[in-house]
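Undergrad:
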Amino acid sequence: MEPLWREASEQDGPEPALVIDVGGFEGPLDLLLHLARSQKVDLARISVLALAEQYLAFVDTARQVRIELAADYLVMAAWLAYLKSRLLIPQPPKDDGPSGEEMAATLAFRLKRLEAMREAATSLVNRNRLGRDVFARGAPEHIGGDRQSVFTASLYDLLSAYAALRQRQAVTQVTIEKRQVWSLAEARDILMRMVGEIGGGWQALDQYLLRYMTTPAERATAIASAFAASLELAREGRIEIRQTGAFEPILMRRGPNAGEGEE
Amino acid sequence: MSFPQDHMDETLIDAGEAAVDRGIALEAERLAEALIFASAGPVSERFISERLPAGVNVRAVLMGLKGFYAGRGVNLVQVEDHWAFRTAADLSFMIRTDDAEARKLSRAALEVLAIVAYHQPVTRAEIEEIRGVQTSKGTIDVLMEAGWLRFRGRRRTPGRPVTFGTTRDFLDHFGLETIRDLPGLEELKGAGLLSGRIPPGFRIPLPLGDDEPAEDEDPITFDDIEELGLLTPGGQADE
Amino acid sequence: MSFPQDHMDETLIDAGEAAVDRGIALEAERLAEALIFASAGPVSERFISERLPAGVNVRAVLMGLKGFYAGRGVNLVQVEDHWAFRTAADLSFMIRTDDAEARKLSRAALEVLAIVAYHQPVTRAEIEEIRGVQTSKGTIDVLMEAGWLRFRGRRRTPGRPVTFGTTRDFLDHFGLETIRDLPGLEELKGAGLLSGRIPPGFRIPLPLGDDEPAEDEDPITFDDIEELGLLTPGGQADE
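Chains as they are written, first to last, in my numbering: chain S, 2 to 264; chain U, 56 to 294; chain R, 56 to 294.
(1) Can you pull the chain S residues whose beta carbon is under 8 Å from the beta carbon of Gln133 (chain U), in chain order?
(2) Comparing alpha-carbon positions, which option in U:Leu160, U:Thr178, U:Phe229, U:Glu184 lies nearest Glu200 (chain U)?
(3) Indicate whether at least one CB of chain U lies closer than 8 Å to the CB of Phe225 (chain R).
(4) Rounded to a whole number of angstroms, what is the C-alpha to C-alpha distance between Ser99 (chain R) and Asp136 (chain R)?
(5) In chain order, what residues of the same chain have a beta carbon less than 7 Å from the beta carbon of Gly208 (chain U), not counting five sequence neighbours either side?
(6) Since Glu184 (chain U) is in the alpha helix (DSSP H), which residue starts that stretch and which ends it?
(7) Expressed to the nearest angstrom, what Euclidean distance is found between the alpha-carbon atoms of Thr212 (chain U) and Glu232 (chain R)?
(8) As a quick exercise: from R:Ala87, R:Phe277, R:Tyr173, R:Arg179, pick the residue whose alpha carbon is nearest that of Thr221 (chain R).
(9) Return no unless some Cβ of chain U is closer than 8 Å to the Cβ of Lys85 (chain S).
(10) Just checking my contact of Phe136 (chain S) with Ala93 (chain R) at CB under 8 Å: how many whole Å lie between their CB atoms?
(11) By the three-class DSSP mapping on this structure, what secondary structure does Glu229 (chain U) have?
(12) Flag Thr48 (chain R) as yes if its beta-carbon sits less than 8 Å from any beta-carbon of chain S, otherwise no.
(13) Please say whether Pro108 (chain U) and Trp138 (chain U) have beta carbons closer to each other than 8 Å?
(14) State yes or no: is the C-beta of Leu52 (chain S) within less than 8 Å of the C-beta of Leu115 (chain S)?
(15) Determine, using beta carbons only, whether Leu261 (chain R) comes closer than 8 Å to chain U.
(16) Under 7 Å Cβ to Cβ from Leu90 (chain R), same chain only, skipping five residues before and after it: list those, please.
(17) So, with DSSP's three-state summary, where would you put Leu131 (chain U)?
(18) Grouping DSSP H, G and I as helix and E and B as strand, with all else coil, what is Gly122 (chain R)?
(19) For Gly256 (chain S), which residues from the same chain have a beta carbon less than 6 Å from its beta carbon, with the 5 sequence-adjacent residues on both sides left out?
(20) Does the beta carbon of Phe152 (chain S) come closer than 8 Å to any beta carbon on chain U?
(21) Tell me, please, whether the CB atom of Arg138 (chain S) is closer than 8 Å to any CB atom in chain U?
(22) Check distances from the C-beta atoms of the stretch 113–144 of chain U to those of chain R and list, in chain order, the residues that come in under 8 Å.
(23) Reducing DSSP to helix, strand and coil, say where Thr222 (chain U) ends up.
(24) For Gly187 (chain R) and Gly230 (chain R), I'd like the C-alpha separation in whole angstroms.
(25) Name the residue from R:Leu198, R:Ile170, R:Ser147 whose alpha carbon lies nearest to the alpha carbon of Arg158 (chain R).
(26) Between the stretch 243–260 of chain R and the stretch 160–167 of chain S, are three or more C-beta pairs nearer than 8 Å?
(27) Between which two residues does the beta strand (DSSP E) holding Asp134 (chain S) run?
(28) Please check if any C-beta of chain S sits within less than 8 Å of the C-beta of Ser147 (chain U).
(29) Taking the alpha carbon of Ala143 (chain U) as the point to measure from, which residue in U:Ile150, U:Arg210, U:Met149, U:Val129 has its own alpha carbon closest?
(30) How is Trp80 (chain S) classed by DSSP in three states: helix, strand or coil?
(31) Let's see if you can read the secondary structure: which residues bound the alpha helix (DSSP H) around Ile251 (chain S)?
(32) Tell me the DSSP bridge mates of Pro216 (chain R)?
(33) Who are the neighbours of Ala95 (chain R) on chain S, taking C-beta pairs under 9 Å?
(34) Would you mind sorting Gln168 (chain S) into buried or exposed? The rule is 16 or more other CB atoms within 10 Å of its CB.
(35) Out of curiosity, what's the CA-to-CA distance linking Glu120 (chain S) and Arg133 (chain S)?
(36) Thinking just about the alpha-carbon of each residue, which of R:Leu263, R:Ala163, R:Lys121 is nearest to the one in Lys192 (chain R)?
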């Protein structure tokens, strides 16, 4: 079996570090496939238990020598550890989690599917390819009267032009982007509009606010302003608010004075 | 004008008097031939039919041409409903030049390309589920830039994720008439390997001791796939 | 491919047995045909003869091919000692000699088109604000002529500026079913088109389709077009 990792030739910090040869593996499934192949049996006859143990041993070793593994690898390790326990320990009758067999089948299926896709990729690149094995007319002439557009542009051209433009502008004019702080007035306005939609039923505040909060960065300021605004609106009788316990969602509904003009 | 008459077929024309119609059919064939020959890229059947005399069965003309060129150094090939002339594949090694090297793809890009080709329409999340790893930036990008992948539409599920598919250029490049001609497609489908769900009855023996023989009645085994010719020796995914 | 020296066609080779082997003649023809077809320019007789098996009479092969193509839609023509395929003279009306070849859209035009696609309905002032540069009228005109942009309506703001939108042809050309199939922020990121640090608050708008008139927009009328002097020669302001 090839070495699964190599030692970093240089240590650039005070901590001794090992570097996984990430270039060698395309994620945990790829590593598992590699391990499975090293069992020298086909995937249908593979011992999933042995495979899980091998993988876990790999992760343990990596940790002992303080290799930082990508999260994908650790998630797989946790899943395999669970699979292992399912395979080894008889399940209690009322257990409705997946059985060890089901989990093992899932893993085998994913490995087979990945392997099949790799084989498919191989047969694809080995086909006779245009520009390498077969050739188009080297000196095309132009056909007149083509009703299709006089311009050539692909969706990719369009999208990459747009993405590049927006990115360029985002860097140079960050200030022009939408304001990131909600004013109290803005929050009031939004809440009042929401009250129109709520009707009489209790609704969680957050549910509505989320419609206006598309980025995590805005969330805090939106919640703060909206909360302050909702207290103000409750005092004016435009809405009623309720919370069943600390940290529970804040519920609100239309208040007795909801219909009063706002402007 | 001299034409080899033997490959012409009565079916080229829908109806009419033999002599006149034969003349029309020959003219139609010459026109179609010239139109496709002039273009480096595949030409649509519709484009051709708009330029043929009314009443000519364009499909029959093209099939006739395809047969006529079948044994020659230049072949008429079909890519979906488009047609192109391409040099014959068996002459590859005689024509190949050093600068005519086909685009080299990374292993990751190749895998993504195959997954999209066989599973399309497919979302990015599904590609990642199959590969078991996040798709690095630049992988899909490279394939789209090559003109082989495209945004196909949106899945009608929550979040309406964008789906990817392959392009006609992809088919043209890999010498496929349609996506159904992908190598091993039917076998993979039959083995349940192109669906997100584990096929019913997909079980593997769980020999807790390593040396237990596999059960014979497994519906799908690796051997099956091998037998069906889906696996090339060595199992290498990259070139 | 091997060309056994002992079966050769008399007319194609300088010397050999009398036994006619059409196979060899055909192979030489096929190769010459493919070489000339794939070449960007006329191919010299010498270049071809270097690739044919020793002893094959290249001139005879080429004359044979010339005769074969004489009545077809494509002819093999000789320019001094170079050879090339050309559309038959009587069909050359189909081939354009002017420079009306499909052109690549300019960067500016691509940007404007993309902005309209995503931000529609959008005014010219808004396009300029997003691009950060003035947009020449010519750019929008070019896109309108291409049939990809159209006047959509008029904004209910002072000056009632005209708003732009994309057309059905636009969707067809770019392979979109609806304008809402355009990828969003996450998908552009996922495809590697947006990269690096994306500032908070950065948004990719969800385009408004035709069936969703914007609140602050009036549909455009023929009078508007006349009043604004927007009539294009064909008199078609809409699809």
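We put the CB at the ideal spot given by N, CA and C, even for glycine.
TA: Looking at the atomic coordinates:
(1) Locating residue 133 (chain U) in the second sequence gives position 78, where the first residue counts as 1. The contacting residues do not exist; Gln133 (chain U) stays about 14 Å from chain S at best.
(2) By one-based count along the second sequence, residue 200 (chain U) stands at place 145. Closest option to Glu200 (chain U), Cα to Cα, is U:Leu160.
(3) Walking along the third sequence from the start, residue 225 (chain R) turns up at place 170. Cβ-Cβ to chain U under 8 Å: no for Phe225 (chain R).
(4) For the purposes of this step, residue 99 (chain R) is identified with residue 44 of the third sequence, where counting begins at 1. For the purposes of this step, residue 136 (chain R) is identified with residue 81 of the third sequence, where counting begins at 1. Those two C-alpha atoms are separated by around 6 Å.
(5) The residue given as residue 208 (chain U) occupies position 153 in the second sequence. Hits under 7 Å: Pro176, Thr218.
(6) Within the second sequence, the letter at position 129 stands for residue 184 (chain U). Note, Glu184 (chain U): alpha helix (DSSP H), 179–186.
(7) Taking the second sequence and counting its residues from 1, the one referred to as residue 212 (chain U) is at position 157. Taking the third sequence and counting its residues from 1, the one referred to as residue 232 (chain R) is at position 177. If you take the alpha carbons of Thr212 (chain U) and Glu232 (chain R), they lie about 17 Å apart.
(8) Within the third sequence, the letter at position 166 stands for residue 221 (chain R). Closest option to Thr221 (chain R), Cα to Cα, is R:Tyr173.
(9) Taking the first sequence and counting its residues from 1, the one referred to as residue 85 (chain S) is at position 84. Chain U contact via Cβ: absent.
(10) Walking along the first sequence from the start, residue 136 (chain S) turns up at place 135. Walking along the third sequence from the start, residue 93 (chain R) turns up at place 38. Going by Cβ atoms, the distance from Phe136 (chain S) to Ala93 (chain R) rounds to 4 Å, so yes, they are a contact pair.
(11) As a first step, residue 229 (chain U) must be located in the second sequence, where it is residue number 174. With the sequence shown as reference, residue 229 (chain U) is identified as Phe, and Glu is not the correct amino acid for it. Phe229 (chain U): coil per DSSP, three-state reduction.
(12) Residue 48 (chain R) is absent from the structure shown; chain R starts at 56 and stops at 294.
(13) Along the second sequence, read from residue 1 onward, the residue named residue 138 (chain U) stands at position 83. Along the second sequence, read from residue 1 onward, the residue named residue 108 (chain U) stands at position 53. The answer is no: Cβ separation not under 8 Å.
(14) The residue you call residue 52 (chain S) lines up with position 51 of the first sequence. The residue you call residue 115 (chain S) lines up with position 114 of the first sequence. Result no, Cβ atoms of Leu52 (chain S) and Leu115 (chain S) do not sit closer than 8 Å.
(15) One-based indexing of the third sequence puts residue 261 (chain R) at position 206. Judged by the 8 Å Cβ criterion, Leu261 (chain R) is not in contact with chain U.
(16) For the purposes of this step, residue 90 (chain R) is identified with residue 35 of the third sequence, where counting begins at 1. Once the five neighbours on either side are set aside, the close Cβ partners of Leu90 (chain R) are Val98, Ile103, Arg106.
(17) Numbered from its first residue, the second sequence carries residue 131 (chain U) at position 76. It is a strand residue.
(18) Counted from its first residue, the third sequence places residue 122 (chain R) at position 67. Of the three classes helix, strand and coil, the one that applies to Gly122 (chain R) here is helix, per DSSP.
(19) Locating residue 256 (chain S) in the first sequence gives position 255, where the first residue counts as 1. Here the set comprises Gly238, Arg239, Ile240, Glu241.
(20) Reading the first sequence from its first residue, position 151 is the one you call residue 152 (chain S). No, its Cβ sits nowhere closer than 8 Å to a Cβ of chain U.
(21) Counted from its first residue, the first sequence places residue 138 (chain S) at position 137. Arg138 (chain S) counts as touching chain U.
(22) Gly126, Arg127, Gly128, Val129, Phe140, Thr142, Ala143
(23) Along the second sequence, read from residue 1 onward, the residue named residue 222 (chain U) stands at position 167. Looking at Thr222 (chain U) - three-state DSSP - the assignment turns out to be coil, as it is neither helix nor strand.
(24) Position 132 of the third sequence, counted from the first residue, corresponds to residue 187 (chain R). Position 175 of the third sequence, counted from the first residue, corresponds to residue 230 (chain R). Straight-line Cα distance between these residues: approximately 29 Å.
(25) Locating residue 158 (chain R) in the third sequence gives position 103, where the first residue counts as 1. Considering only alpha carbons, the answer is R:Leu198.
(26) yes
(27) One-based indexing of the first sequence puts residue 134 (chain S) at position 133. Segment: none, Asp134 (chain S) is in no beta strand (DSSP E) and carries neither H nor E.
(28) On the second sequence, position 92 is the one that residue 147 (chain U) refers to. By this cut-off, Ser147 (chain U) is an interface position.
(29) Taking the second sequence and counting its residues from 1, one reaches residue 143 (chain U) at position 88. For Ala143 (chain U), the nearest C-alpha among the options comes from U:Val129.
(30) As a position in the first sequence, residue 80 (chain S) is number 79, starting the count at 1. Three-state result, Trp80 (chain S): helix.
(31) Here residue 251 (chain S) is taken as the residue at index 250 of the first sequence, counted from 1. From DSSP, Ile251 (chain S) is part of no alpha helix (DSSP H) but of the beta strand (DSSP E) over 251–255.
(32) Position 161 of the third sequence, counted from the first residue, corresponds to residue 216 (chain R). Paired residue(s): none; Pro216 (chain R) is not in a bridge.
(33) Within the third sequence, residue 95 (chain R) is the residue found at index 40, counting from 1. Under the 9 Å cutoff, chain S gives Gly139, Ala140.
(34) If you number the first sequence from 1, residue 168 (chain S) lands on position 167. The residue in question, Gln168 (chain S), is buried, as its Cβ has 16 or more Cβ neighbours within 10 Å.
(35) Start at 1 with the first residue of the first sequence, and residue 120 (chain S) comes out as number 119. Start at 1 with the first residue of the first sequence, and residue 133 (chain S) comes out as number 132. Their Cα atoms are separated by approximately 21 Å.
(36) Your numbering for residue 192 (chain R) matches position 137 in the third sequence. The shortest C-alpha separation from Lys192 (chain R) is found at R:Ala163.
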